[in-house]
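Residue numbers for the sequence shown follow my numbering, so the first one is 7 and each next one is one higher. Virtual Cβ for every residue (Gly too), placed ideally from N, Cα, C. Predicted model only: the values in this text are computed from it and were never measured.
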Amino acid sequence: METYKFTKSFPYEEKFCLINQMNRSAISIPSNIAEGVSRKGKKDKIHFLNIAFASLMELVCQAEISNELGYLSREELCDFTHKAKNFVVKLHNYITYLER
Numbered sequence: 007m008e009t010y011k012f013t014k015s016f017p018y019e020e021k022f023c024l025i026n027q028m029n030r031s032a033i034s035i036p037s038n039i040a041e042g043v044s045r046k047g048k049k050d051k052i053h054f055l056n057i058a059f060a061s062l063m064e065l066v067c068q069a070e071i072s073n074e075l076g077y078l079s080r081e082e083l084c085d086f087t088h089k090a091k092n093f094v095v096k097l098h099n100y101i102t103y104l105e106r
């Protein structure tokens, strides 16, 4: 939960805005993957995996905003987006596999 580590250093005034939103997005990703994988129907699996994908993209956007606001360094952002892009590829490939 790298996101929690990042947001601990954010200003207090972001507690109910950016911190909350980033942490919720971060929790949504594995939660929706777990729910999707546990579903029996292919459509249901794909639906929840797509929600996880969208949450991941939302989290990347929020990390970029955090960088622009000076809460994340350029190095932290690059490291985070690199990891996120690797995960995006894996998740996309799995969704594509299920859609066949």
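Looking at E82: is its Cβ nearer than 8 angstroms to the Cβ of F16?
Not in contact: E82 and F16 (Cβ atoms no closer than 8 angstroms).
I'd like to know if N99 contacts chain B, where contact means its C-beta is closer than 8 angstroms to some C-beta of that chain.
In summary, chain B is missing from the structure at hand, where a single protein chain is found.
Here's the rule I'm using: 16 or more other beta-carbon atoms within 10 Å means buried, otherwise exposed. How should L78 be labelled?
By the 10 Å Cβ count, L78 comes out buried.
Please report how far the alpha carbon of H98 lies from the alpha carbon of K46, in whole angstroms.
Their backbone Cα atoms lie some 19 angstroms apart in a straight line.
Report the residue from V43, A90 and K96 whose alpha carbon sits nearest the alpha carbon of L65.
Of the candidates V43, A90 and K96, the one whose C-alpha sits nearest the C-alpha of L65 is A90.
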